[in-house]
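Structure first, then comments.
2 protein chains.
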Amino acid sequence: MELTPAAKKFILHWGEMGQAWGINRTMAQVHALLFVAPDSLDAEEISRLLDVSRSNVSTSLRELMTWGIVKRVHVIGDRRDRFEALKDVMETFRVIMAERKRREMDPTIALLEHCVEEAEGGDSRDDYTREQLEKMLDFTRMLTAWYSQIDRLPTPALRRIFTAGAKIARMFGAQTPHEANVN
Amino acid sequence: MELTPAAKKFILHWGEMGQAWGINRTMAQVHALLFVAPDSLDAEEISRLLDVSRSNVSTSLRELMTWGIVKRVHVIGDRRDRFEALKDVMETFRVIMAERKRREMDPTIALLEHCVEEAEGGDSRDDYTREQLEKMLDFTRMLTAWYSQIDRLPTPALRRIFTAGAKIARMFGAQTPHEANVN
DNA sequence: CCGAAATTTCCGTCACTACTGAAAAGTATA
DNA sequence: TATACTTTTCAGTAGTGACGGAAATTTCGG
Numbered sequence: 021m022e023l024t025p026a027a028k029k030f031i032l033h034w035g036e037m038g039q040a041w042g043i044n045r046t047m048a049q050v051h052a053l054l055f056v057a058p059d060s061l062d063a064e065e066i067s068r069l070l071d072v073s074r075s076n077v078s079t080s081l082r083e084l085m086t087w088g089i090v091k092r093v094h095v096i097g098d099r100r101d102r103f104e105a106l107k108d109v110m111e112t113f114r115v116i117m118a119e120r121k122r123r124e125m126d127p128t129i130a131l132l133e134h135c136v137e138e139a140e141g142g143d144s145r146d147d148y149t150r151e152q153l154e155k156m157l158d159f160t161r162m163l164t165a166w167y168s169q170i171d172r173l174p175t176p177a178l179r180r181i182f183t184a185g186a187k188i189a190r191m192f193g194a195q196t197p198h199e200a201n202v203n
Numbered sequence: 021m022e023l024t025p026a027a028k029k030f031i032l033h034w035g036e037m038g039q040a041w042g043i044n045r046t047m048a049q050v051h052a053l054l055f056v057a058p059d060s061l062d063a064e065e066i067s068r069l070l071d072v073s074r075s076n077v078s079t080s081l082r083e084l085m086t087w088g089i090v091k092r093v094h095v096i097g098d099r100r101d102r103f104e105a106l107k108d109v110m111e112t113f114r115v116i117m118a119e120r121k122r123r124e125m126d127p128t129i130a131l132l133e134h135c136v137e138e139a140e141g142g143d144s145r146d147d148y149t150r151e152q153l154e155k156m157l158d159f160t161r162m163l164t165a166w167y168s169q170i171d172r173l174p175t176p177a178l179r180r181i182f183t184a185g186a187k188i189a190r191m192f193g194a195q196t197p198h199e200a201n202v203n
């Protein structure tokens, strides 16, 4: 098996995107490869196709598995581990979101709570900082609460929400009397 | 002016978060500092408070300004440039989203379109890859379309959407007859 | 128009992370 | 249990990007 030009371009681009989002390039490339690959691949093959070392592949695969977007699979008659990615884009997206929430949003909320609490004891010179931190905390809580609600839904419902952007905008876009007064 | 413990912790954490999202640490720290600072700061002061070089601050500020979340301001009687961050969290979030869409989503869509087109000419062995790329393209388009609709709304409407997660979930969560059959 | 203050640019250095190769550990088969 | 095959770990290396310091440029007051 060799990579088609389209697959190559996608894999390289995915690597770049990964970097922009704080994900190591090889890891993103391995994911991209598994995503477009018709069959599961073994580590050796991945190493060959991406031209990176076997050990680098091993590390990347482990990471991808802890993220939950790549799974180890086996085929009878082959001792080697084989790997395949989640093939459903929405599902992949959800898993990544859930993981980033867990790794980044939750700790951020905890830290902000701590900071706000600490800033309450401070002298009045710190009032402004405390207010800003509170606003940041409120916003982060709002986002994660929204996410939690949405994440409960099955994939088709999620898809409906995302295709209903205009409808949602219309529903929530109406100005309240107060806002109308302000404008 | 010196940093309070709460401010320090927030700034450090924000730096870490930045890294996880592909943003350089100093840049994130400068932003955090300006976000919690009661008044605008000049570059010298930022350099001192964060203990990084003047030139590093200069670069970070320029980047933050191209992102549009930090503005140059002047006070009479002071030749030095002073800087302040957007103080509204939601607004900051919006600006960052818009910028990332422009920098990452749009190019990704362009590339995926190109790849799909190219893969159409290929032999049937590439069908699966093409299908996967198409799915990825559809998903990306769906997301950006949703975003475009939502982004039109004024901030209060946006806030209403984000506080209405449960309501939205209820509205779109109802199963269609088809889905009910499948389950 | 000159000089001082402030800012930006540039290039060398440093630090960090990704990466490799080799060795170690693990696993299945005979 | 030995052996061949596979995966993982680890320690050293390389490469990338952040950073600092100095020089160059710009800006402003006198």
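Protein chains in written order, with the working numbering: chain U, 21 to 203; chain Z, 21 to 203. Cβ atoms here follow ideal geometry from the backbone N, Cα and C, with glycine treated the same way.
Kindly give me the distance between the Cβ atoms of residue i and residue j, rounded to whole angstroms, as I take these residues to be in contact under 8 Å.
i, j, result
"A57/Z", "W34/Z", "Between W34/Z and A57/Z the Cβ distance is about 13 Å, and since that is not below 8 Å, they are no contact."
"L23/Z", "L69/Z", "6 Å"
To the nearest angstrom, report how far apart residue i and residue j are at their CA atoms.
i, j, result
"V95/U", "E65/U", "15 Å"
"I116/Z", "W87/Z", "7 Å"
"Q39/Z", "S67/Z", "20 Å"
"E248/Z", "R100/U", "Because chain Z is modelled from 21 through 203, residue 248/Z falls outside the range shown and cannot be assessed."
"I181/Z", "T149/Z", "37 Å"
"F30/U", "R122/Z", "19 Å"
"L32/Z", "L153/U", "14 Å"
"E133/Z", "V72/U", "27 Å"
"L61/U", "D98/U", "12 Å"
"G193/U", "T183/Z", "14 Å"
"T46/U", "E36/U", "10 Å"
"K28/U", "G42/U", "21 Å"
"A26/Z", "D59/Z", "17 Å"
"K155/U", "K155/Z", "38 Å"
"M191/Z", "D146/U", "43 Å"
"R92/Z", "E151/Z", "48 Å"
To which residues of the same chain is residue i closer than 6 Å at the C-beta, ignoring the five residues directly before and after it?
i, result
"M21/U", "none"
"I129/U", "T160"
"C135/U", "L153"
"S248/Z", "A question about residue 248/Z goes unanswered here, because the residues of chain Z that appear run from 21 up to 203."
"T112/U", "I89 and L106"
"P127/U", "none"
Where DSSP assigns a beta bridge to residue i, which residues make up the other side?
i, result
"L61/Z", "F103/Z"
"K91/Z", "E104/Z"
Among the residues of its own chain, which have a CB less than 8 Å from the CB of residue i, if the five just before and after it don't count?
i, result
"R179/U", "M110"
"A63/Z", "R74, V77, S78, L81, R100, D101 and F103"
"V90/U", "V50, H51, L54, L81, L84, F103, E104, A105 and L106"
"R114/Z", "D171, T175 and L178"
"L173/Z", "I181"
"N44/Z", "G38, S80 and E83"
Near residue i, which residues of its chain fall below 7 Å by C-beta distance, leaving aside the five closest residues on each side in sequence?
i, result
"M125/Z", "T160 and T164"
Discussion item. Pairs of beta-carbons, one from the segment 53–69 of chain U and one from the segment 93–109 of chain U, closer than 8 Å: are there three or more?
Written reply: yes
Fill in: the segment 129–144 of chain Z in contact with the segment 154–166 of chain U per 3-pair CB rule at 8 Å
no
Fill in: Cβ contact (3+ pairs, closer than 8 Å) linking the segment 179–189 of chain Z and the segment 163–182 of chain U
yes
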